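Take a look at the structure below.
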Amino acid sequence: MVQIGVKHHFVVPGDYNLVLLDQFLKNQNLLQVGCCNELNCGFAEVAQMIRQKLPIIIFLVNNHGYTIEVEIHDGPYNNIKNWDYAGLIKVFNAEDGAGQGLLATTAGELAQAIEIALENRDGPTLIECVIDRDDATADLISWGRAVAAANARPHR
1 MVQIGVKHHF
11 VVPGDYNLVL
21 LDQFLKNQNL
31 LQVGCCNELN
41 CGFAEVAQMI
51 RQKLPIIIFL
61 VNNHGYTIEV
71 EIHDGPYNNI
81 KNWDYAGLIK
91 VFNAEDGAGQ
101 GLLATTAGEL
111 AQAIEIALEN
121 RDGPTLIECV
131 IDRDDATADL
141 ISWGRAVAAA
151 NARPHR
C-alpha cells in the first residue's frame, strides 16, 4: 500500500481478525483510522466523500460471514446475507456523484481495481475484496477453539 502512495487506512472492529490487517499494522508508515459503528458510520462517510469529491480508496474485505464465530461454533447463523457492496456506490452517487464501486475476487483483479481507483480523482472508489470466510490468523483460530471448548463444558 505504501508503494502506491497510501498513507492512511480506515478499519471497523470486524477487520481486526484479518490476516491482511496484520500486514497493514506491521507498516509504521500507514496510519490506521478506526470506526466503532461498523458499516453504518462508514456508509455515511462514503456519502460525504462523494459529495465532497474526495479521491479516497476504500478496501472493503468481504468474507461472507462472521469469521470469529465460525471458529468458535460454526452453523448457518454465521452466514449473513451477502450484499453487493461495490454496487452500493451507485446508490450513494444518486444523480450527481462520481464514486466508483469495483469487485476483486483475485489478486489480479485487485491490482487492476487499484489502478482504476488511482485514476479516479472525482470521488471515492470502493473496492470490494472477496476473501475466504476462513481467512484468519493462526492465533485467532487457536483462540476460537479454546472458546469453543470452554463453551462446551456443562453448566454448573
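Letter by letter, the sequence shown follows residues 1 to 156 of full-length UniProt numbering. Ideal placement from N, C-alpha and C gives every residue a C-beta, glycine not left out. Note that this is a predicted model, so its numbers are computed, not measured.
Quiz item: In its own chain, which residues sit with a C-beta less than 6 angstroms from the C-beta of I57, not counting the 5 before and 5 after it?
Solution: The residue you call residue 57 lines up with position 57 of the sequence shown. Counting only Cβ-Cβ distances below 6 angstroms, and skipping sequence neighbours, we find A117 and T125.
Quiz item: Would a C-beta distance cut-off of 8 angstroms place N63 and D135 closer than the cut-off?
Solution: Reading the sequence shown from its first residue, position 63 is the one you call residue 63. Reading the sequence shown from its first residue, position 135 is the one you call residue 135. Contact flag set, yes.
Practice problem: Please list, in chain order, all residues of the same chain as residue 159 whose beta carbon is under 6 angstroms from its beta carbon, the five residues on each side excluded. | Solution: Only positions 1 to 156 of the chain appear in the structure, and residue 159 is not among them; the question remains open.
Exercise. Output the distance between the C-alpha atoms of residue 186 and G144, rounded to the nearest integer angstrom.
Key: Summary: the structure shown does not reach residue 186, with the chain confined to residues 1 through 156, and so no result is reported for it.
Self-check item: Secondary structure, beta strand (DSSP E): runs of 3+ residues fully inside the region 79-138
Solution: 100-104 and 125-130
Quiz item: Shortest alpha-carbon distance to K53 belongs to which of G75, I141, G99 and L103?
Solution: Mapped onto the sequence shown, residue 53 falls at position 53. Among G75, I141, G99 and L103, the Cα nearest to that of K53 is on G99.
Quiz item: What span of residues does the alpha helix (DSSP H) with I72 cover, start to end?
Solution: Working through the sequence shown from its first residue, we reach residue 72 at position 72. Where I72 is concerned, the enclosing alpha helix (DSSP H) starts and stops at T67 to I72.
Quiz item: Between the beta-carbon of L60 and the beta-carbon of Y77, is there less than 8 angstroms?
Solution: Numbered from its first residue, the sequence shown carries residue 60 at position 60. Numbered from its first residue, the sequence shown carries residue 77 at position 77. No, the Cβ-Cβ distance between L60 and Y77 is not below 8 angstroms.
Exercise. Pull up the distance between the alpha-carbon of L103 and that of E115, whole angstroms please.
Key: Numbered from its first residue, the sequence shown carries residue 103 at position 103. Numbered from its first residue, the sequence shown carries residue 115 at position 115. Whole-angstrom Cα-Cα distance: 13 angstroms.
Self-check item: Exposure label - E95; buried when at least 16 CB within 10 Å
Solution: Locating residue 95 in the sequence shown gives position 95, where the first residue counts as 1. Around the CB of E95, fewer than 16 other CB atoms lie within 10 Å, so the residue is classed as exposed.
Quiz item: N93 and I50 look like a contact to me (Cβ under 8 angstroms); what is the Cβ gap, rounded to whole Å?
Solution: Numbered from its first residue, the sequence shown carries residue 93 at position 93. Numbered from its first residue, the sequence shown carries residue 50 at position 50. Confirmed, about 6 angstroms.
Quiz item: Taking the alpha-carbon positions, what's the A150 to G108 distance?
Solution: What you label residue 150 is simply residue 150 of the sequence shown in a count that begins at 1. What you label residue 108 is simply residue 108 of the sequence shown in a count that begins at 1. Rounded to whole angstroms, A150 and G108 show a C-alpha spacing of 41 angstroms.
Quiz item: Any idea what DSSP makes of I56, helix, strand or coil?
Solution: For the purposes of this step, residue 56 is taken as residue 56 along the sequence shown, with counting starting at 1. If DSSP states are grouped into helix, strand and coil, I56 belongs with coil.
Quiz item: Would you say E71 and I141 are within 8 angstroms of each other, going by their C-beta atoms?
Solution: Residue mapping note: residue 71 aligns to position 71 of the sequence shown, counting from 1. Residue mapping note: residue 141 aligns to position 141 of the sequence shown, counting from 1. Yes; because the gap between Cβ atoms is below 8 angstroms, this pair is in contact.
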